[in-house]
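Those sequence lines, one after another, are chains A and B. To convert a position in the first sequence, counted from 1, into this note's numbering, add 18. To convert a position in the second sequence, counted from 1, into this note's numbering, add 18.
Protein chains: 2
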Amino acid sequence: MSRKLNNTRALRIIAAATAEFAKRTFEGARVDQIARAARVNKQLLFYYYHSKRGLFQAVLGQAAAELEAALAGLPTATGGPLQRLQGVLRAQFDFLARRPDLVAILAQGNRTDLAPFAPAIRRLVVLLAEGQGLGQVRDDVDPHLTAAQALVLMVGYLQLESVVAASAPPLGADEPALRERWKEAAAHLVVAGVAAR
Amino acid sequence: MSRKLNNTRALRIIAAATAEFAKRTFEGARVDQIARAARVNKQLLFYYYHSKRGLFQAVLGQAAAELEAALAGLPTATGGPLQRLQGVLRAQFDFLARRPDLVAILAQGNRTDLAPFAPAIRRLVVLLAEGQGLGQVRDDVDPHLTAAQALVLMVGYLQLESVVAASAPPLGADEPALRERWKEAAAHLVVAGVAAR
DNA sequence: TAGATTTCATCAACCATTTGGTTGAGAAAA
DNA sequence: TTTTCTCAACCAAATGGTTGATGAAATCTA
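Spelled out as structure tokens, the structure:
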């Protein structure tokens, strides 16, 4: 039962650590608290991951993997490249919005590690290039730059949501939630910005 | 000489604290290090600001004030609302890019405090509304939302610059630096996105 | 104005608590 | 019986915060 238990516990540890690192930042996170939340002895963390930093790397890696897997599994919309682009943008945003912890972790990762958002960007780049091939996306658009803009629009919003909410909100009671409106506006801005006229 | 000295030291403290908080996050920042960098006794920090958090609030307030002052002093471009909008976008980005410490501090502030980027957004809202009045900005554009998008595009980039750089960079040697290209692309995206057709 | 006193500003030395990390030993598999 | 896993107790270092004392202005007093 050790293997099973081990695995289960390792998962619990990663989950707890993800939450803690996301909420409190690497420096702010307390190893003790992670252990308690995972219902494990603190030493187990060091046994598995050697150090706080090692644990964080594990969390980061798993978060990146999760993101990549989720993006790969997104439903492929139908229609032309522009419509598919819009669909992918919406789906990516929805996923990121549902997993703010991943966003927080990965955004921290950028300081130490390589780009964990790369798969998300790549996906967009492909669609944009495809659109250019079909003459539906303007040729003077740089797919990489535009894809990165789209990502920043999504990730940046999720990190600054309270700023946006605090400064923008004359929003009627029945209006769609700010987040939904953002999603639509961002997807629209990108698509409209690259569409060949 | 006490008043002068006090003031000078207070300034040094704020400066040092801004740098430290920006680089290492509130939790990661070490009071000791701030004191050393400001060449003051550690206790002086507590004498002035009572606690680490208090010091951070002071830093945050001063950063917000600095941002507001700088934005107010931006040169007003000439031309129609759209051109002025583009000018303001460029100028705001330039300023924020030159003061990454302010960005880092203010972005942290959002978790605890009210929106410190509000003045920047307001400025954009005014221009957009003006453009709508003149029929140069589409009526279905929500000025608040669009202004926030522009801000996220700028601030988000500065926070995720390494991600963007790591995932996008097939950039030729003589091309303008990534940051410059981003500035232009972002300003263009926003302006083109709202312009009445 | 000289002196007394109160207030402001500054510091070195401390301190209680918390932190990441160890130790050594015992279960449980293999 | 060797390897893998788990834990309670421990520890040195660091951290935010405190104490008590001391120049030096500013304020008051005679």
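Backbone N, C-alpha and C define an ideal beta-carbon position, used for all residues, glycine too. These figures come from a predicted structure and were not determined experimentally.
Residue from R215(B), G151(B) and L169(B) with nearest C-alpha to V121(B): Considering only alpha carbons, the answer is L169(B).
Is it a yes or a no for the segment 108-127 of chain B touching the segment 38-48 of chain B, going by three-plus beta-carbon pairs under 8 Å? Yes, the segment 108-127 of chain B is in contact with the segment 38-48 of chain B.
Along chain A, in chain order, which residues have C-beta atoms closer than 8 Å to that of T43(B)? Those within 8 Å of T43(B) in chain A are T43, E45 and G46.
On the DSSP bridge assignment, give the partners of A213(B) in chain order. According to DSSP, A213(B) bridges with V155(B).
Residues of the segment 53-78 of chain B with Cβ closer than 8 Å to any Cβ of chain A, in chain order: The segment 53-78 of chain B vs chain A, Cβ under 8 Å: nothing.
In whole angstroms, what separates the C-alpha of A33(B) from that of A56(B)? Each residue's alpha carbon lies about 8 Å from the other.
My assumption, with CB atoms under 8 Å, is that L114(A) sits in contact with L176(A). Please give the rounded CB distance. For a cut-off of 8 Å, the C-beta gap from L114(A) to L176(A) is around 6 Å, short enough to register as a contact.
Using a C-beta to C-beta distance shorter than 7 Å, which residues of chain A count as neighbours of R108(B)? None at all; the shortest Cβ gap to chain A is about 16 Å.
Go through its chain and collect everything with a Cβ distance to G98(A)'s Cβ below 8 Å, but skip five positions before and after it. Beyond the five residues adjoining it in sequence on each side, G98(A) comes within less than 8 Å, by CB distance, of G149, L152 and Q154 in the same chain, given in chain order.
Exposed unless 16 or more other CB atoms sit within 10 angstroms - verdict on A214(B): Exposed, by the Cβ-count rule.
Beta-carbon within less than 8 Å of T164(A)'s beta-carbon, same chain only, minus the 5 sequence neighbours each way: which residues are those? If you ignore the 5 residues before and after T164(A), its C-beta comes within less than 8 Å of the C-beta of L142, L146, V208, G211 and V212, all in its own chain and listed in chain order.
Give the C-beta separation of L62(A) and V49(A) to the nearest angstrom, bearing in mind that I take them to be a contact with Cβ-Cβ under 8 Å. L62(A) to V49(A), Cβ: 11 Å. No contact.
Check whether the Cβ of R156(B) lies closer than 8 Å to any Cβ atom in chain A. At a cut-off of 8 Å between beta-carbon atoms, R156(B) makes no contact with chain A.
Whole-Å CB distance - L124(B) paired with F135(B), under 8 Å assumed: Correct: roughly 6 Å between the Cβ atoms.
Nearest CA to the CA of L92(A): which residue from Q80(A), V106(A) and A83(A)? Comparing Cα positions, the closest option is V106(A).
Out of S185(A), V58(A), A81(A) and A47(A), state which residue places its alpha-carbon closest to the alpha-carbon of N25(A). With distances taken between Cα atoms, N25(A) lies closest to V58(A).
Delimiting residues of the alpha helix (DSSP H) encompassing G72(A): Segment K70 to A90, the alpha helix (DSSP H) holding G72(A).
Within 10 Å of its beta-carbon, does G72(B) have 16 or more other beta-carbons around it, so buried, or fewer, so exposed? Exposed, since its Cβ has fewer than 16 Cβ neighbours within 10 Å.
Close Cβ partners of A81(B) (< 6 Å) along its chain, the five nearest in sequence each way excluded: Within the same chain, and ignoring the five residues on either side of A81(B) in sequence, the residues whose Cβ sits closer than 6 Å to its Cβ are L120, I123 and L124.
Please state the DSSP three-state secondary structure of T164(A). Here T164(A) sits in helix by DSSP.
For L100(A), is the classification buried or exposed, using 16 other Cβ atoms within 10 angstroms of its Cβ as the cut-off for buried? By the neighbour-count criterion, in which 16 or more other beta carbons inside 10 Å mark a residue as buried, L100(A) falls on the buried side.
Under a CB-based cut-off of 8 Å, is A184(A) close to chain B? By this cut-off, A184(A) is an interface position.
Burial state of A205(A), where buried means 16 or more other Cβ atoms lie within 10 Å: Residue environment: A205(A) is assigned as buried (16 or more neighbouring CB atoms within 10 Å of its CB, all protein chains considered).
Taking Cβ-Cβ distances shorter than 7 Å, what residues in chain A pair up with G247(B)? Here chain B covers residues 19 to 215 and nothing more, so residue 247(B) does not appear.
Let me confirm a value: A138(B) is counted as buried when at least 16 other C-beta atoms fall within 10 Å, else exposed. Which label applies? It counts as buried.
In angstroms with no decimal places, state the Cα-to-Cα distance between D157(A) and T96(A). If you take the alpha carbons of D157(A) and T96(A), they lie about 23 Å apart.
For Y65(A), count the other beta carbons within 10 Å of its own beta carbon; 16 or more makes it buried, fewer makes it exposed. Which is it? With fewer than 16 Cβ atoms within 10 Å of its Cβ, Y65(A) is classed as exposed.
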